[in-house]
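Report on the following structure.
There are 2 protein chains.
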Amino acid sequence: MTRTVKIFDTTLRDGTQGEGVSLSVEDKLKIAQKLDALGVTYIEGGWPGSNNKDIEFFVRVKELELQHAKVTAFGSTRRKDSQAAQDPNLNRILEVGVSVATIFGKSWDFHVHTAIQTTLEENLAMIYDSVHYLKQNGLEVIYDAEHFFDGYKNNPDYALATIRKAEEAGADWVVLCDTNGGTLPHEITEIVSVVRQNLKAPIGIHAHNDCELGVANSLAAVMAGATQVQGTINGYGERCGNANLVSIIPNLQLKLKYEVISEEQIATLTSVARYVSEIANMHMPVNQPYVGAAAFAHKGGIHVSAILRNSSTYEHLKPELVGNKQRVLVSELAGQSNLVFKAQEMGLEFDTSNQQTKQLIEQIKEMEHQGYQFEGADATLELLIRNAYGQLEEIFTLESFKIMVAKNLNQPVISEAIVKIKVHGETCYNAAEGNGPVNALDNALRKSLMAYYPGIQNVHLSDYKVRVLDEKDATAGKVRVLIESSDFQNNWSTVGVSENIIEASWQALADSIRYALLNQTRSDNKPEEQKERLGLVNH
Amino acid sequence: MTRTVKIFDTTLRDGTQGEGVSLSVEDKLKIAQKLDALGVTYIEGGWPGSNNKDIEFFVRVKELELQHAKVTAFGSTRRKDSQAAQDPNLNRILEVGVSVATIFGKSWDFHVHTAIQTTLEENLAMIYDSVHYLKQNGLEVIYDAEHFFDGYKNNPDYALATIRKAEEAGADWVVLCDTNGGTLPHEITEIVSVVRQNLKAPIGIHAHNDCELGVANSLAAVMAGATQVQGTINGYGERCGNANLVSIIPNLQLKLKYEVISEEQIATLTSVARYVSEIANMHMPVNQPYVGAAAFAHKGGIHVSAILRNSSTYEHLKPELVGNKQRVLVSELAGQSNLVFKAQEMGLEFDTSNQQTKQLIEQIKEMEHQGYQFEGADATLELLIRNAYGQLEEIFTLESFKIMVAKNLNQPVISEAIVKIKVHGETCYNAAEGNGPVNALDNALRKSLMAYYPGIQNVHLSDYKVRVLDEKDATAGKVRVLIESSDFQNNWSTVGVSENIIEASWQALADSIRYALLNQTRSDNKPEEQKERLGLVNH
């Protein structure tokens, strides 16, 4: 039995069916390059028979000269009662010039009757003719058996007959699709085993996540003999998404010891997942398995002191294997051992007995008492630690700010901000509008800093959260604002607390910008890297 | 073999270890009521030995008189080389007055040496003594075998010895924990089967999601003989989260036909999941299995036309079974039936075929499209329904508002608001200060209304939540504000959506006040009750 599994990525086709996912041709080309470097075997680029954006992708992807991956185009079997050679959908696949075609056909008798409304015999002919036509034209053909598991449960003989037809016509792969995502792992195991006994062609699995079992179903299929896994980066896809390759790859390779991609490639998994989420403009959940910011984060004090002794006590895997890293969240629960760990991460000697450290711990305790929370605000914590050790350059200081928000009946609301800061000894005084008061503040602050730090234009706020702390009298109570920022390479989070939502937002905003510019200062001795980070060179 | 599975919810304990999850005692009490109504068997409320907020929860939860669920307190086995009866942690569990204790002990020899640094023998004694002491004191005892699967893989005999000790001491349940979340489903199947043969006590499973297999591992354990499943709502929890009960319950009950909760209870699953996400102020992923807004949404053209013919063609389950809805045919709103139900609650005849109703449904659809959500905003929904039926007296109308927030170096921040409204045909123009801009708005609005409705002084805002909707460009994106209000007898919630946080807050604030005064109008014919509600009589 082979221990090699091929990865078929459909982020660019099935992934774009996900709510909120929308990719331009440029986006798709960028992602294709990343997928190629990651080491996937197939990249499904789109459905040329269904839209022109996809055709443009197939034209332009050839210029990229991918190293490893084969690009494949998707389509359906020929229409009922017609000729494969005259089918526009199949011919479109030939026209775009791919070496691999992926076509889907019906396995479920109910669907043959209900969705395409033809006879069971004609459906078999549609499958045979379509695969045969593409093979005759020299393509590698992957046959996707849509609704295979539902079809098998309803009429096993017919479902098996459909994939035997595809095999007979020369299909290089038969991929069993759980299109509705409702099949359970033990059913997958059983059905894939039966197919294994009935087919010579290699088998693939295409799972969806409707029961939160997309990953488990993919593993079950591989363990029952499938050697191709279809899925998407971060599990993007229709409804609850496709099976998530970002979890499947390390499960197969690092846990089950299949050969999937190289050690070096799997170490880029975290950066690939985050890159694709940036390009797709999708929020990356902090708790995403393997690659999320919290995937190897530790909060409880008991855990942390054990982790410091031996990291495998509370980690199922070394985070570096997938390019992620351990993180310790500072919270009241955990205390001093967490801070020690944080400082070590920053390369600071952290002597718990010296005066600065004691003061810092007191300060953090006092701030937590006031409602600050550092577990989701690493950047603010780093600024505090650096400040305590005299390692924080004062980038700007606030003199004053003022915001105004005005609403008149039936008019759009107006938000303006005036910000006065000192930068390198000079006073900067600027005003700006915004979609809301915090956006106006942000815009006015940037206006002043732009002259000194043009790279700030690459820094953007990616999330903003507000929580009322004292619930007795809500809007008179304290609020905590968390801001997440990004410069396309790194993400960082900052926190502010005040009775006033605007002041709390200002604190988190100012820390975010300080942190971005601190990193800029720190990379002064690496001018090229700095330029690149700040977007001053073109790629 | 029993077909009944008990659900053990640890949202309030393990769930709060998740990054970004932070629950006040009030929040925990609200969630406990929802969990009770959902039909879980155990609610783990916290770790009384570790923090005082948890102790307050255990005191106050008794006043709720839960119908179904048993509340349990968490703790560890006694310290090494000491007496169980003198252990502060165990005694704290007895003091908080729960009928069920959940205590965890070590199963992994490596952890015994590394984390607690004692002998294997002493660890067995710690388990025996602790369970025995709690049993002697009349409690039901659930023993959580921490790291059981890792322990078993390293030293099966010792791992089995630890749980046999717990059983021998009288533990009512032995729960096998995959604490690091690194175990795969086929390993779970194998190890649970072995335990099943070695133990008489009923077995539970406690899984984590580090390999995106938390749900699959829970199912595998149940199929191998476990009859209790521990997990959290929406899978909140440390690192990648705990096993997600919101997916496990329907998988067990609707797919595998175990008896878990009633049909009526499972139909509230979507609303429970969304309620908890609102309370915890966590973003609810649209693609969350079973309960996400996109879980039964259909985008592809082929799917949609097939769905129109027969919905089971592209749906693995009827969404109504879990209280969710398809998003092609019906409005965005949580189904027309909810509207009918709401209207009936208000004593309105609700004819779904008349023109007003159709317009109302269109309006709600459009608002939901803009980002409104009525799940946690019943009062706003009631105002909309009353308005559509011409049963909403215009209490006040806005002419204009303006707010200013100013901060000068080392000075406290100042917030002022000017509000101009029309009340009973008269223009009222007032200014006020506040602790923040929304509080200033609230104060200025109240100043104007006070002369007409003195009872308004008893209305206060009890919670205020902000969520960014469009995560692409946070502060420039849309925000949804939820306000919860109270007049000491009733609570109600309102919602506002805008690109501008101040305007969104105004909408929710204005609705809150309108709703309070609407109730006042309605109780005109019951002057005593009205006086009492509005605080005009002293208690």
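Those protein sequence lines, which keep their order, are chains A and B. Using full-length UniProt numbering, read the first sequence as starting at 1 and increasing by one per residue. Using full-length UniProt numbering, read the second sequence as starting at 1 and increasing by one per residue. A virtual CB, placed ideally from N, CA and C, is assigned to each residue, including glycine. Source: prediction; values computed, not measured.
In the three-state scheme derived from DSSP, where H, G and I count as helix and E and B as strand, W173 of chain A is classed as strand. CA-to-CA, the gap between M367 of chain A and L384 of chain A works out to about 11 Å. For G214 of chain B, the enclosing alpha helix (DSSP H) has its first and last residue at G214 to M223. Separation of the CB atoms of N209 of chain A and A273 of chain A is rounded to 16 Å, and the pair is thereby denied contact status at 8 Å. Where M404 of chain B is concerned, the enclosing beta strand (DSSP E) starts and stops at F396 to N408. The bridge partners DSSP lists for F104 of chain A are A:S76 and A:D144.
For a cut-off of 8 Å, the C-beta gap from E146 of chain A to K106 of chain A is around 6 Å, short enough to register as a contact. Within chain A, no residue has its beta carbon less than 8 Å from that of R514 of chain B; the closest one is some 17 Å off. A Cβ-Cβ separation of about 19 Å leaves Y429 of chain A out of contact with L517 of chain A under the 8 Å criterion.
Exclusion of the five residues before and after V438 of chain B leaves S505 as the residues of its chain whose Cβ lies within less than 6 Å of its Cβ.
Taking a Cβ-Cβ cut-off of 7 Å, the neighbours of P289 of chain A in chain B comprise N209, D210, C211, E212 and C240, given in sequence order. At the C-beta level, S512 of chain A and I483 of chain A come within 7 Å of one another.
The stretch 172-211 of chain B contains, as complete beta strand (DSSP E) runs of 3+ residues, the segments 173-177 and 203-206 (chain order).
For H369 of chain A, the number of other beta carbons within 10 angstroms of its own is below 16, and it is reported as exposed. Look at the stretch 153-165 of chain A: it has no residue with a C-beta under 8 Å from a C-beta of chain B.
Cα atoms of Y372 of chain B and G434 of chain B: separation of roughly 27 Å, rounded to the nearest angstrom. Contacts with chain A at 7 Å (Cβ-Cβ) include E503 of chain B. Using a CB distance cut-off of 7 Å, H113 of chain B does not count as an interface residue toward chain A. Of all residues in the stretch 398-414 of chain A, the ones placed with a Cβ closer than 7 Å to any Cβ belonging to chain B are L398, E399, S400, F401, K402, I403, M404, V405, A406, K407, N408, L409 and V413, in chain order. In this structure, V175 of chain A and Y143 of chain A form a Cβ contact; the two beta carbons are roughly 7 Å apart against a cut-off of 8 Å. Under the Cβ criterion of 7 Å, K106 of chain A is not counted among the residues facing chain B. Straight through space, the alpha carbons of R446 of chain A and N458 of chain A are spaced by roughly 11 Å.
L269 of chain B and E394 of chain B have their alpha carbons spaced roughly 37 Å apart. The Cβ neighbour count for N354 of chain A, taken over all protein chains shown within 10 Å, is under 16; the residue is labelled exposed.
Listed along the chain, the chain A residues whose CB falls inside 9 Å of the CB of V215 of chain B are C211, E212, L213 and A216.
Taking C-beta separations shorter than 6 Å and ignoring five residues to either side along the sequence, the partners of V479 of chain A in its chain run V466, V468, I501 and A504, following chain order. DSSP, read as helix, strand or coil, puts F374 of chain A in coil. Rounded to whole angstroms, V286 of chain B and T427 of chain B show a C-alpha spacing of 44 Å. Between H132 of chain A and N180 of chain B, the C-beta gap is not smaller than 7 Å, which leaves the two residues out of contact. Here DSSP, grouped into helix, strand and coil, assigns W47 of chain A to coil. A406 of chain A is positioned such that its CB atom lies closer than 7 Å to that of I414 of chain A.
Per DSSP, the continuous beta strand (DSSP E) segment holding N430 of chain B begins and ends at E426 to G434. With its beta carbon at least 7 Å from every one in chain B, P88 of chain A lies outside the interface. Contacts with chain B at 7 Å (Cβ-Cβ) include V466 of chain A. Secondary structure at D9 of chain B: strand, using DSSP grouped into helix, strand and coil. With 16 or more other CB atoms across the displayed protein chains lying within 10 angstroms of its CB, M223 of chain B is buried.
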